[in-house]
């Protein structure tokens, strides 16, 4: 090859590198994790919307899916191009898969080691929480509970009571991923922002009681969610991941005494009172796996 040919080849290589690089001021494709619950959806107030036996459940599966689609639209407008969606309510089989675009993936059903954040890792740029609700110690909020409304009276991380939003943010933060936006009722957002003050908040309803609220229409909620996700994505560099100090101490208070008694047979568990236990994990991932065991193990599952 002649010197002229070498120079021409080098010039072509430089041109290809330039064309492949992002345009000044634009981001390369980014990854978004979307965790979706159901109690915090616009219009959701009772079991009539939240499980297969409810007469409005079919409609609310669609509303849930459309709130996810609104989040995706807002994120795409801000440069996100990859999406993983976690169906994090009930049986984990609520989102209408046939309504989703072909270029997303979905986490479904249980158990899963990272609970409502399964599949998240360091490759994601941000996380969004859709349809989340207030925690079990909150006197306000529609369907306020943490992980299990029937079993748990309190969930504490390093001594602080936490709702599911903070649990999810801590798991995301372990991987360096910030939660940049959350939707739900006013009580849920106010509670979460005590710990996550910089994230965008989409209030889609205002709680009157555990089973009643004043609410936006679904269409109005879709518009708000799309706007808030876009706004949060455009300022995500200002939002820091939520990181817990390790090791992490988990305190669980049960509504009945027997779970604490039985779990205390494990040498890694301390029974702190008649209804409560303590487990110390090396990090939030260990805590997540322990919680998933406590909430999902059933002897009846064995053959």
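Numbering (my numbering), first residue to last: 9 to 311.
For each residue, glycine too, the CB sits at the ideal point set by N, CA and C.
Bear in mind that the values here come from a model prediction, so they are computed numbers and not experimental data.
Where residue 270 is concerned, the enclosing alpha helix (DSSP H) starts and stops at 266 to 271. Setting aside the 5 residues that flank it on each side, residue 118 is surrounded in the same chain by 100 and 304, each with a C-beta closer than 7 Å to its C-beta; the list follows chain order.
Between the beta-carbon of residue 89 and that of residue 44 there is about 19 Å, and that puts the pair past the 8 Å contact cut. DSSP places residue 284 in the uninterrupted beta strand (DSSP E) bounded by 284 to 289. Judged by DSSP secondary structure, residue 88 falls within the beta strand (DSSP E) whose first and last residues are 88 to 95.
Contact between the region 160 to 169 and the region 213 to 230 is not established, with fewer than three Cβ pairs separated by less than 8 Å.
Short of 8 Å from the beta carbon of residue 98, and not among the five residues preceding or following it, lie these beta carbons of its own chain, in chain order: 46, 58 and 59.
In this structure, the CA atom of residue 63 is about 41 Å from the CA atom of residue 252.
In the displayed model, residue 139 falls within a strand according to three-state DSSP.
Counted as a single uninterrupted DSSP element, the beta strand (DSSP E) harbouring residue 114 occupies residues 112 to 115. If you look at residue 202, you'll find it isn't in any beta strand (DSSP E); DSSP assigns it neither H nor E. Runs of the beta strand (DSSP E) lying entirely within the region 182 to 234 and spanning at least 3 residues, in chain order: 187 to 193, 208 to 217 and 220 to 223. Ranking 186, 174, 206 and 77 by CA distance to the CA of residue 196 puts 174 first. Three or more beta-carbon pairs separated by less than 8 Å link the region 178 to 194 to the region 118 to 136, which places the two stretches in contact. The alpha-carbon of residue 219 is positioned some 19 Å away from that of residue 172. Pairing residue 73 with residue 42 gives a Cβ-Cβ distance that is not under 8 Å. DSSP places residue 301 in no beta strand (DSSP E) but in the uninterrupted alpha helix (DSSP H) bounded by 292 to 304.
Sixteen is the threshold: since fewer than 16 other Cβ atoms of the shown chains lie within 10 Å of the Cβ of residue 66, the residue is exposed. Rounded to the nearest whole angstrom, the C-alpha separation of residue 246 and residue 237 is 14 Å. In this structure, the beta-carbon distance from residue 260 to residue 295 does not fall below 8 Å.
Counting the other CB atoms within 10 Å of its CB gives residue 160 a total of 16 or more, which places it among the buried residues.
A straight-line Cα-Cα distance of about 43 Å links residue 75 and residue 273.
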